[in-house]
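Following the working numbering, the numbering of the sequence shown begins with -2 at its first residue and continues without gaps.
Where is the CB? At the ideal position from N, CA and C, for every residue including glycine.
Just so you know, these numbers come straight off a predicted model, no measurement behind them.
Okay, so here's the structure we're looking at.
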Amino acid sequence: MAILKRGWRGGLLGNAYRKWLHKLYVNDLWLDVRLAAKREAVEYVLAQMPDAAVRRDRYDLLAFALGQAPREGLVLEFGVAKGASLRHLAGLTPRTVHGFDSFQGLPEGWQGTPEAAGAFSTKGRLPKVPANARLHVGWFDTTLPGFLAAESGPVALLHVDCDIYASTRVVLTLLAERIVPGTVIVFDEYFNYPGWRLHEFKAFQEFLAETGKSYRYLGYSAERGHVAVRMD
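Below you can see the structure in the form of structure tokens.
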């Protein structure tokens, strides 16, 4: 027993404990902050989303949301980055899927998280996308007004992967008249991370209060913070 104790305290197990478990768990504030955000998101789901469908991940939720959206109307994504979700959406429909991104990363720091301005930048490199996907390169407040002037019709599916409050507000404000009953919106970072009430969630709730529009929750993914809603 004494040998085992010495082995634990001074051997590989002891070193591993001091280096990993103690350092990365006992003193890791960020881990506990994330766990607190998860608990808060779970409480929100139980209180506000009892009838929402649960899907495996963001891709499963996007497919589900597209199936719930009107068959006519615009399919838009804001926040393309490397193009994974845009390619996924384009593969689910013959319609044109419009993707908006500056490809310069976040325009400002993501409050409540470690991500600073410029995070997720591709340094201007555009992703490869299918033939039925169209990229609109630039900041949302620059590219979206011209797009809306050239394109008519309501929004059928809106994928909001804006991350931060300011960008989400721009998108929802400019699209207010195109977001109609039946429009389905998928938020990529709605909750389940530190500071989630300050960003996409806050922007959407403010949008509802200002426009008088109403909605219901359609579903959420079993991982991370992806949430789908349908406008009433």
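Counted as a single uninterrupted DSSP element, the stretch harbouring E220 is not any beta strand (DSSP E), since DSSP gives it neither H nor E. When secondary structure is reduced to three states using DSSP, D98 falls in the strand class. Linking R53 to A219 through their CA atoms gives a straight-line distance of about 5 Å. Taking the Cα positions, L132 is about 14 Å away from T139.
Distance from the CA atom of H85 to the CA atom of L154, rounded to whole angstroms, is 14 Å.
The three-state secondary structure of E197, taken from DSSP, is helix.
The residue from F201, E203, D229, C159 with its alpha-carbon nearest to that of S211 is D229. By the C-beta density criterion, R166 is buried, having at least 16 other C-beta atoms within 10 angstroms. For E74, the three-state secondary structure derived from DSSP is strand.
Unbroken beta strand (DSSP E) runs of no fewer than 3 residues, entirely contained in the stretch 106 to 152, are found at 130 to 134, following chain order. Distance between F100 and V183, taken at the CA atoms: about 21 Å. Secondary structure at L89: coil, using DSSP grouped into helix, strand and coil.
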